[in-house]
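Notes for the one structure printed next.
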Amino acid sequence: MTTQQTLEHIARRRLSMDSLETRRSDRLDFHEVAVWNILAALQDAFEAGQAAAEKAGAA
Numbered sequence: 000m001t002t003q004q005t006l007e008h009i010a011r012r013r014l015s016m017d018s019l020e021t022r023r024s025d026r027l028d029f030h031e032v033a034v035w036n037i038l039a040a041l042q043d044a045f046e047a048g049q050a051a052a053e054k055a056g057a058a
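Take the sequence shown: its letter number 11 is residue 10 in numbering that gives the first Met the number 0, and every next letter is one higher.
Right, dumping it as structure tokens:
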């Protein structure tokens, strides 16, 4: 999975966002998100980065 795909997966799963693309619409580009969902998304991204670094180190 690419970095972009990983981020999109986290955004869908944790933040209920359909896309990370700019769509030039307030309704589509701005979201109200609970802080615990932001925390979960950040933790997922951090863990994905750690896993990628470990994988790169093993290569």
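By construction, the Cβ of each residue, glycine as well, lies at the ideal position given by its N, Cα and C atoms.
Item to check | contact_flag[the stretch 34 to 51, the stretch 3 to 20] where n(CB pairs < 8 angstroms) is 3 or more | outcome: Of all C-beta pairs linking the stretch 34 to 51 to the stretch 3 to 20, three or more are shorter than 8 angstroms, placing the two stretches in contact.
Checklist entry - Residue range of the alpha helix (DSSP H) that F45 falls in? => result Counting along the chain, the alpha helix (DSSP H) containing F45 begins and ends at 34 to 57.
Checklist entry - What is the DSSP secondary structure of R13, counted as helix, strand or coil? => result Residue state, collapsed to three classes: helix.
Next on the checklist: In whole angstroms, give me the CA-to-CA distance for K54 and G48.
Outcome noted: Roughly 10 angstroms separates the two Cα atoms.
Next on the checklist: Just to confirm before moving on: does the CB-CB distance between L19 and A10 stay below 7 angstroms?
Outcome noted: A10 is positioned such that its CB atom lies closer than 7 angstroms to that of L19.
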